[in-house]
Structures are given as structure tokens and as C-alpha cells.
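Participant: Here it is, the structure in full.
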Amino acid sequence: MSSTTTHRPRTRRSPMAAPRSFVWTRRVFLTLLTGFVLLPVYVMVSSSLKPLEDVSGEFRWIPNGLTIRPYFDIWETVPLAKYFVNSLIVAGAATLCSVVIAVFAAYAVSRYRFRGRRLFTVSVLSTQMFPGILFLLPLFLIFVNIGNTTGVALFGSRGGLILTYLTFSLPFSIWMLIGYFDSVPRELDEAALVDGCGPVKALFRVVVPAAVPGIVAVAVYAFMTAWGEVLFASVMTNDTTRTLAVGLQGYSTQNDVYWNQIMAASLVVSVPVVAGFLLLQRYLVTGLTAGAVK
Amino acid sequence: MNTTADSEVRERAVRKDTPGAARGPRRPGRLRRSALPYILLLPALLLELLIHLVPIALGIAMSFKELTQFHLRDWGSAPWSGLDNFEVAVDFDAPVGQALLTSFFTTCLFTVLSVGLCWLLGTAAAVCMQESFKGRGVLRALFLVPYALPVYAAVITWAFMFQRDNGLINHVLHDQLGLTDSPSFWLIGDNSFWALLIVSVWKGWPFAFLIVMAGLQNIPKELYEAAALDGAGVWQQIRRITLPSLRSVNQVLVLVLFLWTFNDFNTPFVLFGKAAPEAANLISIHIYQSSFATWNFGTGSAMSVLLLAFLLLVTAVHLVATSRGRKVSDV
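Heads up: the protein sequence lines correspond to chains A and B, in order. At position 139 of the first sequence (counting the first as 1) the number is 143 in the working numbering, and the numbers step up by one without a gap. At position 242 of the second sequence (counting the first as 1) the number is 235 in the working numbering, and the numbers step up by one without a gap.
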């Protein structure tokens, strides 16, 4: 445990030169794997640039003609911009709240010994095994009842979806941050406490800045969870609050399936998450190294 | 173990040193400090209660009620039906129970294959990329793309590739390689199981890769150096050092992958739509379908409770087995 520090040189395998058999196996395996990973990405990009008659006919590796029409049409066929904004609001708010709440909870577990501490961590983690389908309907009924009795509209609103999604990412976020906070030397916040900081101030002045990679990793995870969820989005939203996960189904009508537009829209909705993820993936690996994997 | 003792000692030291009273004039320092962890936990606790625990309890209660569409508006007053729902769900001679059993076995097979392949690909790739080589950073980012892509965007692309008439898979297998006599259906019929498996592995293996990669960074490189000095080759190093060192990481990883895959709803839902073909009728989809198609939420809840019980059992067995294994290996 003590060997876990935030930044440490990457482990290298032996200085001994790898034998040819290993080098070749590795080369072939990694090439095949790259092909497997990239295949759908290639299909997505190339098909999004084809006219409708080309994607409706036999598949072609090399497009006959290229067009950027689908990228204009996607906004007309379904109100994609509205879904996009909804998804941004829901995922953004869920991420922000989830990170703040997880930071508080993880700080409490990491720095204090209190009654029920173990019960809390175990029960939070065990929610991971609950099948979503088991609490979909009860949650739906609870939201409707809260709406009826207090007038707070949770069902069909963005608020309800935000609450749901932020809770989905909480357990893993708390778990990961506990590990991360544990790796931040206690002497740091003890020093701050001695200097007269309150515990909360010590958290934000000392522990949080030292745990930035872990927090970024948690934020990325929370955002991706909210951005990609389908089951609850399809039951708990209505026309005005629909998110991308459900909205994308609008490109197949009874007569036509606009595959080129579906691919273009898929690409457009993927770009923000994939770009953000790839920029921050370094933090995710560091965060996991210190937090989850020990 | 050491760490806990350590931190408790430190904890006491903190308490002694903290001039907490100076910062909080209204409340005595001791009270504030002992209440503080609970205050910090409160938001998380409330949310877990509202979104997870209360609905679960309610779901379990619902499984003992006769909850058809007649009672749905006022579900609280629906009559209790004892174990009726469960009896319907596990009556394997009747169509409902039979369908549940089939779906359960399909899901088991699917999960074992998917988790196995995800783990294998993830571990193999992580081990291959342990040593630095040109382009490793790019390749690593690339391998994480399936994990980063939103589920619906990725799975809908696979659905397009699996189309019978205009998809890539049939174009390659039938038109280019001539392996099949006629273009096959991938999203209906028996092939759908394999289609679902491929998509699931494609989407799931990068997570295993990520975790194993993180786990590899905690293996001290002195181990490899010592092994190399002793004349161990790369393959032996992988077998003798890398894999055993990953043991505890793997135990958590496999459990998490298992739970996620077994409960997976998003992938089959986007790939097949609301009604999955029988060969790929995973349990989540099956329960969703049998609850919403027949509006019999009582039976649906009973099925979900059975699913939860099964997952609890597997998790418990896994935890007992792995903790016992750990003790033996530690001694």
C-alpha cells in the first residue's frame, strides 16, 4: 500500500531484449485488435459521408461519391439540437453534483473513523449489482408520487434524470476517490488543520488540489455514464426533455432508415465525449492506479 | 491492516491537535467533529436512499402484490398475493417460467463468453503494451475509443454493419469471401447471439484493458529485473510474475465485468429494439419486455428479485472464494 504514490515512473519489463516470437506475436495481435476496434469507427465516418442511395444499397468499402449533406440534414430530420442541449444539461449537472457529493463522502470515509463507516462503503458498492430493471418501475412510481404530493416534477423532467444519473455514478466515484484520497499524505491536511483551517477548508485547500487526477477521472466517468444511458432515458423523458440516447432512434421512420444521417448524428454526438475522454484518459489511468486498483 | 491502525493513530493525533473550537465558536469542537463525517456523507446517503435503496425495497414489496394494469394507478392498494408471482415465474412447465429459464441460461452463456473474451483481450493487450514502443500512446488512446463512445452511437453502428442487405458483415462474408450461400440475418434468429456477443466484447474489453494496465503499473520492476537475471524469458516472466501479480486486480475486475454484463440492458436494447430475438434474449430485456408488454409488474418484479438474489449469491460465493484464496496465498 505504501508503494502507491501519485506519480511514479511506469514499470518497464526486463531490460533483456524480447525474443522475436514475442515481438511478432505482439505485432500481429495488436494489428488485428486495432482493426477490430477501428472497424465500426470507419463505417461510421465513411457512411456518414455517403448519399442515402449508397447506404441503402450494397455496402462499399470505398464510397462512390462523398457528400456532407447528411451533416446538414440531421438537424432537420429530428430536433437533434434540442436533444443535444438536453443531454448537455443533464450530463453536465449530473457530473458536477456527483463529483462534489463524492468528494465530500470520500473525504469523510478516508479521513474519519466513525460508526457505520464500513457499512456505508459496503452498501454503496453493493448498489452496483442491483439490476437497473428492478428499480426502474419503483423509481418511476416514486417520482410520480413526489410530483403528485409536493408538486416537484421529477418524472419527465431533466431534474429527475439528473438525480438518477448522478446517483448511478456515485458508488464508483466514491470508491475511486476513497482510494485516491488515501494516497494523499495525511500530513498535508494535518498541517493545514494545525494552521487553523477547518476540516472542510483543509479538504478544498489541500486534499482536492492534490487529488486532481482522481477527481478528473471521476468526472469523466460520471459524464460518460450520464451521456450514454438508455434505459431510464427512454422511460423517464418526454418530448421536451428527450436526450440523445432516445432521440437518435428518430432517424428510422416506418418507410426509410436514414443510415447516413444516423451515422452522421452518431459521430456528432460522440465527438464531445470521445475528445474529452482522450484528452483526459491519462488522468483516468493515474486515477485508477491510485484509486481502484491496489 | 497496517494502514488502518496507522490512520487511527494519526486520527487521534489530529483530534488532539486540531483547534476545532477556535473555528466554530457556536458549537463545541468535539460535537462538531464527531458529527462532521455524517454531515459530509449526508447528500450521498440521501441520494442512495432515494434512487437505490427505497426503490429496491419497493420493488421487492411489489413482487408480493398482484400488480396488473388495474391496480397500477393506485399501486399501494393492490392486493397482496403472497408468493403467487414467484410461483408463476419459476413454474418451468408453464410458458412464462420456461421463457424465464431459457433467458436465464442464454444470459449465463453470454456473460461467461463475454467476460472471458473481454478479460483475455484486455489482459493480452495490456501485457503487450507494458513495454514502451513507438506509437504506444496513440495505440492506447485508440483502444479506449470503444469505451469512450456513447453506447447507443456505437451499438447503432454495429446494427448497421449487421444489416442483411446493406451491412458490412454480409458484404465481407457473402459478397467478398463467398462463405455463405445467401446473405444471412444477423439481428434475428440464432445468429443474433453471436452478433450481440461481438458487440458486447468490442464495447467491454477496453475497460478490462484499462484496469489491467493500471494494475501492471503497480508491479515493481525489480521483480522483472531479478527474473531476467535468473534467465527467465519474456513468456516465463508473463506467466510467473505478471499474471500472479494481477491476481487481486483480476478478482475485482471479473466480478465487476460479470455484474455489468449480466445486467446489461443498453446493448441488446439498441441492437435489437424492444423485442430481442429469442437466441439473444438477455434477462434484463426479458423482464422489461414481460413487464411492459403484459403490464403485469408484479411478475416482472418477482423476476427482478430472483435476478437480484442470484447476483447476490454469485457475489457472495465469489467473495468467499477469493478471500479464502488470498489467505492461502499470503501465508
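Using N, Cα and C, we set each Cβ at its ideal position, and we do this for glycine too.
For my contact list, isoleucine 80 (chain A) and histidine 164 (chain B) are in at a C-beta cut-off of 8 Å; report their separation, rounded to the angstrom.
Facilitator: Counting from one through the first sequence, the residue named residue 80 (chain A) turns up at place 76. Counting from one through the second sequence, the residue named residue 164 (chain B) turns up at place 171. Per the sequence presented here, residue 80 (chain A) reads as glutamate, with isoleucine not at that position. Their Cβ separation, rounded to whole angstroms, is 29 Å, which puts glutamate 80 (chain A) and histidine 164 (chain B) out of contact at 8 Å.
Participant: From tyrosine 287 (chain A) to glycine 90 (chain B), what distance separates their C-alpha atoms?
Facilitator: Your numbering for residue 287 (chain A) matches position 283 in the first sequence. Your numbering for residue 90 (chain B) matches position 97 in the second sequence. Rounded to whole angstroms, tyrosine 287 (chain A) to glycine 90 (chain B) spans 47 Å at the Cα level.
Participant: Since alanine 230 (chain A) and threonine 99 (chain A) should fall inside the 8 Å C-beta cutoff, what is the C-beta to C-beta distance between them, to a whole number of angstroms?
Facilitator: What you label residue 230 (chain A) is simply residue 226 of the first sequence in a count that begins at 1. What you label residue 99 (chain A) is simply residue 95 of the first sequence in a count that begins at 1. So it is a contact: roughly 7 Å between Cβ atoms.
Participant: Classify serine 91 (chain A) as helix, strand or coil using the three-state DSSP reduction.
Facilitator: As a working note, residue 91 (chain A) is residue 87 in the first sequence. Correct three-state label for serine 91 (chain A): helix.
Participant: Do the stretch 113 to 128 of chain B and the stretch 173 to 191 of chain B meet, that is, are 3 or more Cβ pairs less than 8 Å apart?
Facilitator: With the cut-off at 8 Å, the stretch 113 to 128 of chain B and the stretch 173 to 191 of chain B do not touch.
Participant: Going by beta-carbon coordinates alone, are arginine 121 (chain A) and proline 30 (chain B) separated by less than 9 Å?
Facilitator: As a working note, residue 121 (chain A) is residue 117 in the first sequence. As a working note, residue 30 (chain B) is residue 37 in the second sequence. Closer than 9 Å, so yes.
Participant: Please report the straight-line C-alpha distance between proline 213 (chain B) and asparagine 149 (chain A), rounded to a whole angstrom.
Facilitator: Taking the second sequence and counting its residues from 1, one reaches residue 213 (chain B) at position 220. Taking the first sequence and counting its residues from 1, one reaches residue 149 (chain A) at position 145. Taking the straight line from one Cα to the other gives about 55 Å.
Participant: Please look up how many angstroms separate the CB atoms of phenylalanine 144 (chain A) and valine 239 (chain A), rounded, as I've assumed it's under 8 Å.
Facilitator: The residue labelled residue 144 (chain A) in the question sits at position 140 within the first sequence. The residue labelled residue 239 (chain A) in the question sits at position 235 within the first sequence. Contact flag correct, Cβ pair sits at about 6 Å.
Participant: Where does tryptophan 179 (chain B) sit, in a helix, a strand or coil, going by DSSP?
Facilitator: Here residue 179 (chain B) refers to the residue found at position 186 of the second sequence. Three-state result, tryptophan 179 (chain B): coil.
Participant: For alanine 269 (chain B), I'd like the list of residues in its chain whose CB is within less than 6 Å of its CB, leaving aside the five on either flank, ordered along the chain.
Facilitator: Indexing the second sequence from 1 puts residue 269 (chain B) at position 276. The residues are Pro261, Ile278.
Participant: Can you name the residues of chain B whose CB is closer than 7 Å to the CB of arginine 30 (chain A)?
Facilitator: As a position in the first sequence, residue 30 (chain A) is number 26, starting the count at 1. Simply Cys121.
Participant: Would you tell me roughly how many angstroms separate the C-alpha atoms of leucine 93 (chain B) and valine 81 (chain B), rounded to the nearest one?
Facilitator: Within the second sequence, numbered from 1, the residue matching residue 93 (chain B) stands at position 100. Within the second sequence, numbered from 1, the residue matching residue 81 (chain B) stands at position 88. Whole-angstrom Cα-Cα distance: 10 Å.
Participant: For a cutoff of 9 Å on Cβ pairs, would you count lysine 298 (chain A) as touching chain B?
Facilitator: Translated into positions along the first sequence, residue 298 (chain A) becomes position 294. Note that lysine 298 (chain A) scores 46 on pLDDT, short of 50, meaning its location in the model is unreliable and no value can be drawn from it.
Participant: Grab me the residues of serine 256 (chain A)'s own chain with a C-beta within less than 8 Å of its C-beta, minus the 5 sequence neighbours each way, in chain order.
Facilitator: Mapped onto the first sequence, residue 256 (chain A) falls at position 252. Correct list, in chain order: Tyr262, Ile266.
Participant: So, helix, strand or coil for threonine 247 (chain A), using DSSP?
Facilitator: Residue mapping note: residue 247 (chain A) aligns to position 243 of the first sequence, counting from 1. Reduced to three states, the DSSP call for threonine 247 (chain A) is coil.
Participant: Any chance the stretch 176 to 196 of chain A sits against the stretch 109 to 125 of chain A, with 3 or more Cβ pairs inside 8 Å?
Facilitator: In short, these stretches touch, since the Cβ pair count reaches three.
Participant: Helix, strand or coil for threonine 173 (chain B)? Go by DSSP, reduced to three states.
Facilitator: Within the second sequence, residue 173 (chain B) is the residue found at index 180, counting from 1. In the structure shown, threonine 173 (chain B) sits in coil (DSSP, three-state: anything other than H, G, I, E or B).
Participant: Excluding five sequence neighbours on each side, which residues of the same chain lie with their C-beta closer than 6 Å to the C-beta of alanine 214 (chain A)?
Facilitator: For the purposes of this step, residue 214 (chain A) is taken as the residue at position 210 of the first sequence. Hits under 6 Å: Val188.
Participant: Less than 9 Å between the beta carbons of glycine 136 (chain A) and phenylalanine 258 (chain B), yes or no?
Facilitator: The residue you call residue 136 (chain A) lines up with position 132 of the first sequence. The residue you call residue 258 (chain B) lines up with position 265 of the second sequence. The answer is yes: Cβ separation under 9 Å.
Participant: Per DSSP, what kind of secondary structure is valine 156 (chain A) in: helix, strand or coil?
Facilitator: By one-based count along the first sequence, residue 156 (chain A) stands at place 152. Residue state, collapsed to three classes: coil.
Participant: Can you give the beta carbon distance from glycine 291 (chain B) to methionine 122 (chain B), rounded, assuming they're within the 8 Å contact cut?
Facilitator: Within the second sequence, numbered from 1, the residue matching residue 291 (chain B) stands at position 298. Within the second sequence, numbered from 1, the residue matching residue 122 (chain B) stands at position 129. Not confirmed; about 51 Å, so no contact.
Participant: Quick one: residues in its chain with C-beta nearer than 8 Å to the C-beta of arginine 129 (chain B), no 5 flanking neighbours on either side, listed in chain order?
Facilitator: In the second sequence, the residue the question calls residue 129 (chain B) occupies position 136. For arginine 129 (chain B), where only same-chain residues beyond five positions count, the Cβ hits under 8 Å are Met122.
Participant: For leucine 235 (chain A) and leucine 239 (chain B), I'd like the C-alpha separation in whole angstroms.
Facilitator: On the first sequence, position 231 is the one that residue 235 (chain A) refers to. On the second sequence, position 246 is the one that residue 239 (chain B) refers to. The alpha-carbon atoms of leucine 235 (chain A) and leucine 239 (chain B) are separated by roughly 34 Å.
Participant: Would you call lysine 267 (chain B) buried or exposed, if buried means 16 or more other Cβ atoms sit within 10 Å of its Cβ?
Facilitator: Counting from one through the second sequence, the residue named residue 267 (chain B) turns up at place 274. Result: exposed.
Participant: Who pairs with lysine 58 (chain B) in a beta bridge, going by DSSP?
Facilitator: Here the question's residue 58 (chain B) lines up with position 65 in the second sequence. In DSSP, lysine 58 (chain B) forms a bridge with B:Trp73.
Participant: Which residues of chain B have a Cβ atom closer than 8 Å to the Cβ of isoleucine 146 (chain A), listed in chain order?
Facilitator: Locating residue 146 (chain A) in the first sequence gives position 142, where the first residue counts as 1. Under the 8 Å cutoff, chain B gives Leu43, Val47, Pro48, Leu51.
Participant: For serine 256 (chain A), which three-state DSSP category applies?
Facilitator: Here residue 256 (chain A) refers to the residue found at position 252 of the first sequence. DSSP places serine 256 (chain A) in strand when its eight states are reduced to three.
Participant: Please check the pair phenylalanine 57 (chain B) and serine 74 (chain B), which I expect to be a contact at CB under 8 Å, by giving their CB distance rounded to whole angstroms.
Facilitator: Locating residue 57 (chain B) in the second sequence gives position 64, where the first residue counts as 1. Locating residue 74 (chain B) in the second sequence gives position 81, where the first residue counts as 1. With a Cβ gap of about 7 Å, phenylalanine 57 (chain B) and serine 74 (chain B) count as contacting.
Participant: Consider the C-beta atom of asparagine 159 (chain B) and the heavy atoms of the ligand PLP; say whether any pair is separated by less than 8 Å.
Facilitator: What this structure holds is no ligand at all, so the ligand PLP is not there to describe.
Participant: Can you find a C-beta in chain A that's less than 9 Å from the C-beta of proline 30 (chain B)?
Facilitator: Residue 30 (chain B) sits at position 37 when you count from the first residue of the second sequence. Chain A contact via Cβ: present.
Participant: Note the first and the last residue of the continuous alpha helix (DSSP H) segment covering glycine 109 (chain B).
Facilitator: By one-based count along the second sequence, residue 109 (chain B) stands at place 116. Note, glycine 109 (chain B): alpha helix (DSSP H), 88 to 121.
Participant: For isoleucine 204 (chain B), I'd like the list of residues in its chain whose CB is within less than 7 Å of its CB, leaving aside the five on either flank, ordered along the chain.
Facilitator: Here residue 204 (chain B) is taken as the residue at index 211 of the second sequence, counted from 1. Closer than 7 Å at the Cβ level, and outside the excluded window around isoleucine 204 (chain B), lie Val242, Leu246.
Participant: Are alanine 106 (chain A) and leucine 174 (chain A) close, meaning C-beta to C-beta below 9 Å?
Facilitator: Taking the first sequence and counting its residues from 1, the one referred to as residue 106 (chain A) is at position 102. Taking the first sequence and counting its residues from 1, the one referred to as residue 174 (chain A) is at position 170. For alanine 106 (chain A) and leucine 174 (chain A), yes; Cβs fall inside 9 Å.
Participant: Is the beta carbon of glycine 52 (chain B) less than 9 Å from the beta carbon of valine 307 (chain B)?
Facilitator: As a position in the second sequence, residue 52 (chain B) is number 59, starting the count at 1. As a position in the second sequence, residue 307 (chain B) is number 314, starting the count at 1. No, the pair does not count as a contact, with Cβ atoms beyond the cut-off.
Participant: Quick check: phenylalanine 251 (chain B) and histidine 311 (chain B), are their CB atoms within less than 9 Å of each other?
Facilitator: As a first step, residue 251 (chain B) is located in the second sequence; it is residue number 258 there, counting from the start. As a first step, residue 311 (chain B) is located in the second sequence; it is residue number 318 there, counting from the start. Contact flag set, yes.
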